[in-house]
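*Asks:* Residue numbers (this note's numbering), protein chains in the order written: chain F, 5 to 199; chain E, 5 to 199. Once you've had a glance at the structure underneath, I'll fire off some questions.
Number of protein chains: 2
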Amino acid sequence: MTEFKRKKASKKELIIQKASAMFREKGFPATSMRDLADEVGIEAASLYNHIQSKSEILQEIIYRTANDCNIHLDNLDVAQLNSIEKLESLIRFHVQMMIHQFDDYTVMINEWIHLSEPYQTNFITQRRIYVQRMENIIQQGIDHQEIKTVLPYIAMLTILSSVRGLEFWHRSEKHVSPQVIEDNMVAFLINGLKK
Amino acid sequence: MTEFKRKKASKKELIIQKASAMFREKGFPATSMRDLADEVGIEAASLYNHIQSKSEILQEIIYRTANDCNIHLDNLDVAQLNSIEKLESLIRFHVQMMIHQFDDYTVMINEWIHLSEPYQTNFITQRRIYVQRMENIIQQGIDHQEIKTVLPYIAMLTILSSVRGLEFWHRSEKHVSPQVIEDNMVAFLINGLKK
DNA sequence: CCTACCGATCGGTAGG
DNA sequence: CCTACCGATCGGTAGG
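Pasting the structure below:
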């Protein structure tokens, strides 16, 4: 019984993983359940023994990934770090998500619009809270005179956008290694913020 | 005859404009020709008196917008400006595209993947050339010691990504005005690059 | 610009 | 996990 459930769970994981790659590549609406079934190696109808609907797959991908982000930020809040160190940790975390959980992270960023209700509204709320917490860290850095006087909103936007831009790098021939990307992006962004 | 053609052209423009807004909002595959027809105020079948296919609309939107970008860069190449001034002009141009041609620009950035062949390959080539020219400007700035020693690739990526990130601002309640956005983004990015 | 309609494909279900 | 199939919707066409 336990064995059976574990087997089912791992097949579900395989489906979600393949779906994530396909949603990332072609987008959620342009990915058909038949294409996904082909990739998994079963018939389309058989997918429904493991998942309830196409929407559920998208929800799982996005909510898990959002959760990873929230957990990192929670840990950061109680860490003994100054604002610059916190921002560096944030930047490195997001860059690493982009590099090592490329499909999931990109799907979250690009496909949340295809979430059905109430999941979409809930996601937007979660995201608003997340970026607000980022802006608070930046504001604290300004207050403590560790960070230049910038609009926290602009700094937050620039950081998250720059990481998102690595999608372009990920699709390209990668003449630059992940570590070089990470270090240069941290240097560029942190240098632009340091006092 | 001329009158007739002008009338047809303007209806075609209306269709493309409405399509651009819908492709931006929901993505190309999730936008149906029936929804588009509703928005224009005619039956779906009637769209085909003005356009040849759904794909053609996407091609028009993306190629026109890419052309605008190329023209700006061409003008910049022959302008009497130093590297920093050229970069500032580039940043302001892209921010303004994002603000004033929001639908078209966002569709180009997000929906090019849904271009059919040979249009997709052609677009990718055009884009590769464009970003190479941007990197050349940055490299010249480094050579002339106007710009910090950064990887031109990272700087280019950060600039274009930051502008793209304004999509988030555009969707939000806009507590910050376009002019403030533009000036702060220029300041933040240029400051990060100046020697 | 419309009515009427086409074949293809979609997400998903029934039943085994 | 499969075969067989459903109703809905898709992009697009014929004919007027």
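Cβ coordinates follow ideal geometry from the N, Cα and C atoms, glycine included.
1. What in chain F is Cβ-close to Val202/E, meaning under 9 Å?
2. Would you say the segment 134 to 142 of chain E touches the segment 112 to 125 of chain E, given that touching needs at least three Cβ pairs under 8 Å?
3. Going along the chain, which residues of the segment 106 to 128 of chain F sit with their C-beta nearer than 8 Å to a C-beta in chain E?
4. Answer yes or no: does any C-beta atom of chain E fall closer than 8 Å to that of Ser24/F?
5. For the alpha helix (DSSP H) that Ser165/F lies in, which residues bound it at each end?
6. Quick check: what's the CA-CA separation for Ile146/E versus Phe172/F?
7. Suppose only complete runs of 4+ residues qualify. What are the alpha helix (DSSP H) ranges in the segment 108 to 156 of chain F, listed by chain order?
8. Is it the case that the Cβ atoms of Met26/E and Glu43/E are separated by a distance below 8 Å?
9. When the Cα of Thr35/E is compared with those of Glu115/E, Ile142/E, Ile185/E, which residue comes out closest?
10. Nearest-angstrom Cα distance between Glu92/E and Met102/E?
11. Counting C-beta neighbours from all protein chains within 10 Å, is the total for Tyr52/F 16 or more, i.e. buried, or is it exposed?
12. Near Val190/E, which residues of its chain fall below 7 Å by C-beta distance, leaving aside the five closest residues on each side in sequence?
13. For Ile142/E and Ala159/E, what's the separation of their Cα atoms in angstroms?
14. CB Val99/E to CB Ile185/E, shorter than 8 Å?
15. Is there a C-beta anywhere in chain F that falls below 8 Å from the one on Leu91/E?
16. Would Phe192/E and His118/E be called neighbours here (beta carbons separated by less than 8 Å)?
17. From what residue to what residue does the alpha helix (DSSP H) around Phe97/F run?
18. Lys16/E by DSSP, collapsed to three states: which one?
19. With 16 other CB atoms within 10 Å as the buried threshold, where does Ser181/E fall?
20. What's the gap between the Cα of Leu170/E and the Cα of Val167/F?
21. Assign Lys178/E to one of three DSSP states: helix, strand, or coil.
22. Grab me the residues of Val154/F's own chain with a C-beta within less than 8 Å of its C-beta, minus the 5 sequence neighbours each way, in chain order.
23. Could you check where the alpha helix (DSSP H) with Asn74/F kicks off and where it finishes?
24. For chain E, check one thing: does any of its Cβ atoms lie closer than 8 Å to the Cβ of Asn195/F?
25. At which residues does the alpha helix (DSSP H) containing Leu51/F begin and terminate?
26. What residues match up with Lys198/F in a beta bridge as DSSP calls it?
27. Which same chain residues, not among the five before or five after Glu60/E, have their C-beta less than 6 Å away from its C-beta?
28. Under the three-state reduction of DSSP, which class applies to Ile185/F: helix, strand or coil?
29. Hey, out of Ser176/F, Met112/F, Ser87/F, Lys30/F, whose CA is closest to Thr69/F's CA?
30. Taking the alpha-carbon positions, what's the Leu40/E to Asp107/E distance?
31. Specify the secondary structure class of Ala34/E as computed by DSSP and reduced to three states.
32. Distance check for Gln105/F and Tyr134/F, CA to CA, integer angstroms please.
33. Is DSSP giving Gln84/F helix, strand or coil here?
34. In chain E, which residues lie with their C-beta within 9 Å of the C-beta of Pro156/F?
35. Taking 8 Å as the CB-CB cut-off, is Ala34/E touching chain F?
*Replies:* According to the structure shown:
1. This structure gives no information on residue 202/E, because the portion of chain E shown stretches from 5 to 199.
2. no
3. Asn114, Ile117, His118
4. no
5. Taken as a continuous stretch (DSSP letters only), the alpha helix (DSSP H) holding Ser165/F covers 156 to 168.
6. 23 Å
7. 123 to 147
8. yes
9. Minimum Cα distance to Thr35/E is reached at Glu115/E.
10. 15 Å
11. exposed
12. Glu92, Ile95, Arg96
13. 8 Å
14. The answer is yes: Cβ separation under 8 Å.
15. no
16. no
17. 87 to 104
18. helix
19. exposed
20. 14 Å
21. Lys178/E: coil per DSSP, three-state reduction.
22. Ile142, Ile146, Leu197
23. 58 to 81
24. yes
25. Leu51/F -> no alpha helix (DSSP H), and no H or E assigned at all.
26. Ile151/F
27. Closer than 6 Å at Cβ, skipping near neighbours: no residue.
28. helix
29. Met112/F
30. If you take the alpha carbons of Leu40/E and Asp107/E, they lie about 15 Å apart.
31. The answer is coil: DSSP assigns Ala34/E none of H, G, I, E or B.
32. 19 Å
33. coil
34. Within chain E, no residue comes near Pro156/F; the closest Cβ sits about 11 Å away, beyond 9 Å.
35. yes
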